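Asker:
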Amino acid sequence: MDKVRATAAEAVDDLPEHASLAVGGFGLSGVPNVLIEAVHARGVGGLSVVSNNCGVDGGGLGILLAAGRIARVTGSYIGDNREFARQYLGGELEVELVPQGTLAERLRAGGCGIPAFYTPAGVGTQVADGGLPWRYAPKAAAEAGLNAAGAGAAEVAKPSPAKEVREFDGRAYVMERAITTDFALVRAAKGDRHGNLVFHRAARNFNPLAAMAGRVTIAEVEELVEPGELDPDAVHVPGVFVQRVVELTPEQAAAKGIERRTTSAPVTRGTV
Numbered sequence: 104m105d106k107v108r109a110t111a112a113e114a115v116d117d118l119p120e121h122a123s124l125a126v127g128g129f130g131l132s133g134v135p136n137v138l139i140e141a142v143h144a145r146g147v148g149g150l151s152v153v154s155n156n157c158g159v160d161g162g163g164l165g166i167l168l169a170a171g172r173i174a175r176v177t178g179s180y181i182g183d184n185r186e187f188a189r190q191y192l193g194g195e196l197e198v199e200l201v202p203q204g205t206l207a208e209r210l211r212a213g214g215c216g217i218p219a220f221y222t223p224a225g226v227g228t229q230v231a232d233g234g235l236p237w238r239y240a241p242k243a244a245a246e247a248g249l250n251a252a253g254a255g256a257a258e259v260a261k262p263s264p265a266k267e268v269r270e271f272d273g274r275a276y277v278m279e280r281a282i283t284t285d286f287a288l289v290r291a292a293k294g295d296r297h298g299n300l301v302f303h304r305a306a307r308n309f310n311p312l313a314a315m316a317g318r319v320t321i322a323e324v325e326e327l328v329e330p331g332e333l334d335p336d337a338v339h340v341p342g343v344f345v346q347r348v349v350e351l352t353p354e355q356a357a358a359k360g361i362e363r364r365t366t367s368a369p370v371t372r373g374t375v
């Protein structure tokens, strides 16, 4: 029952080429950076990643992206990741953009053994009808001199397929398939040796859902405790979903970036 691995490198030492990964995190919150760095150091490529966003330039999954290790991304948001946008619009990367709530439910369904479900999100759009650009043609993208503002000029090499739409009680719903992956990488505030995990506030985000969807789930934890120390009512992900646990060093646990720091000039109050 002791699922602790000595290092992140040991925890990912059997992750192969072309593996699929569900990765927790939202922006910079709750991102399993240490495990991502271990995957980068392992040198595997051709990865299919499922995550809300594919990291940021120089951080999180952005490290694997910049190294050319990711072949496909299923996510909800490109954001300010310029390399993500460049590879997608340049035809180097296949991207399946999914409504955020649908992505969350697809991961949860995969973890619960539900093969598919119906949702009204996307009905009447290319999400249901097909035609979303999963991959652009590299030659057309280069000739068009594409940037984030000129995506429409590129030739779509691989469009999304149409999905089944059914009516229930007079309303249309689109069928979405569940997601399961070979591995899942998550970050938790606390974890015990049996793999039970607790997340802190916003860092909970996609982490429990990713943990459920992975066939082999690896958790980096900021604090490792002994079995029985976690209040069962406080556990967000039970150990049955987690196969490996890596304890972070105090320095690794404290390394939490700020995506966008905003400050204002001090206000000088006059006398009355």
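Per the numbering used here, the sequence shown starts with residue 104, numbered consecutively.
No residue lacks a Cβ here, since even glycine has one placed at the ideal position from N, Cα and C.
Keep in mind that this is a model prediction, so the values were computed, not measured.
Quick check on N156: does DSSP put it in helix, strand or coil?
Answerer: Three-state result, N156: strand.
Asker: Suppose you measure from the CA of R274 to the CA of A231; what does that come to, to the nearest Å?
Answerer: In a straight line, the C-alpha of R274 is about 14 Å away from that of A231.
Asker: So, does the region 325-338 touch the region 350-360, judging by three or more C-beta pairs under 8 Å?
Answerer: At 8 Å Cβ cutoff, the stretches touch.
Asker: I believe E199 touches W237 by the beta-carbon criterion, under 8 Å. Please report the beta-carbon distance rounded to the nearest angstrom.
Answerer: Right, the Cβ-Cβ distance comes to about 6 Å (below 8 Å), so this counts as a contact.
Asker: Using the rule of at least 16 other Cβ atoms within 10 Å of the residue's Cβ for burial, across every protein chain shown, is I361 buried or exposed?
Answerer: Counting Cβ neighbours within 10 Å, I361 comes out exposed, since fewer than 16 surround it.
Asker: Is S367 buried or exposed, if buried means 16 or more other CB atoms sit within 10 Å of its CB?
Answerer: Counting Cβ neighbours within 10 Å, S367 comes out exposed, since fewer than 16 surround it.
Asker: Candidates P311, K266, F129, H143: which alpha carbon is nearest A111's?
Answerer: The residue with the shortest Cα to Cα distance from A111 is H143.
Asker: In three-state terms, what does DSSP make of G204?
Answerer: Here G204 sits in helix by DSSP.
Asker: Between L118, P262, V345, which lies nearest to A291 when the distance is taken from Cα to Cα?
Answerer: When each option's Cα is compared against that of A291, the closest is V345.
Asker: Per DSSP, what are the beta-bridge partners of M278 in this structure?
Answerer: DSSP lists Y221 as partners of M278.
Asker: Do you know how far the Cα of A219 is from the Cα of D272?
Answerer: Cα to Cα, D272 sits roughly 19 Å from A219.
Asker: What are the boundary residues of the alpha helix (DSSP H) that includes P311?
Answerer: Segment 310-316, the alpha helix (DSSP H) holding P311.
Asker: Buried or exposed: where does G163 fall if 16 or more other Cβ atoms within 10 Å of its Cβ makes it buried?
Answerer: It counts as buried.
Asker: Per DSSP, what kind of secondary structure is M104 in: helix, strand or coil?
Answerer: Note: M104 maps to coil in three-state DSSP.
Asker: Who are the near neighbours of A341 in its chain, counting only those whose CB is closer than 7 Å to its CB and skipping five residues on each side?
Answerer: Per the sequence shown, residue 341 should be read as Pro rather than Ala. The answer, listed in chain order, is N299.
Asker: Which of the three DSSP states, helix, strand or coil, is assigned to A287?
Answerer: Reduced to three states, the DSSP call for A287 is strand.
Asker: Assign K261 to buried or exposed, taking buried as 16 or more other Cβ atoms, counted over all protein chains shown, within 10 Å of its Cβ.
Answerer: With fewer than 16 Cβ atoms within 10 Å of its Cβ, K261 is classed as exposed.
Asker: Note down the Cα distance separating D336 from A358, rounded to an integer number of angstroms.
Answerer: Between D336 and A358, the C-alpha separation is close to 28 Å.
Asker: Could you compute how far the alpha carbon of A314 sits from the alpha carbon of I321?
Answerer: C-alpha separation (whole angstroms): 8 Å.
Asker: Between the C-alpha atoms of A114 and A224, what's the straight-line distance to the nearest angstrom?
Answerer: The alpha-carbon atoms of A114 and A224 are separated by roughly 37 Å.
Asker: How is the alpha helix (DSSP H) around E350 delimited, first residue to last?
Answerer: Here E350 belongs to no alpha helix (DSSP H); instead the beta strand (DSSP E) covers 347-350.
Asker: Can you check whether the CB of G127 is closer than 8 Å to the CB of N310?
Answerer: It is a contact, given that the beta carbons lie within the stated cut-off.
Asker: Which residue or residues does DSSP assign as beta-bridge partners of V328?
Answerer: In the DSSP output, where bridge partners are listed per residue, V328 has D295.
Asker: For E197 versus R172, is the C-beta distance shorter than 8 Å?
Answerer: Taking 8 Å as the Cβ cut-off, E197 and R172 do not qualify as a contacting pair.
Asker: Can you have a look at G133 and say buried or exposed, based on whether 16 or more other CB atoms are within 10 angstroms of its CB?
Answerer: Looking at its Cβ environment, which holds 16 or more other Cβ atoms inside 10 Å, G133 is buried.
Asker: For the putative contact between M104 and H297, defined by C-beta atoms under 8 Å, what is the C-beta separation to the nearest angstrom?
Answerer: Indeed they touch by this definition, with Cβ atoms about 5 Å apart.
Asker: Go to F271, then tell me how far its alpha helix (DSSP H) extends in each direction, as first and last residue.
Answerer: First-last for F271: 268-271, but that is the beta strand (DSSP E), not the alpha helix (DSSP H).
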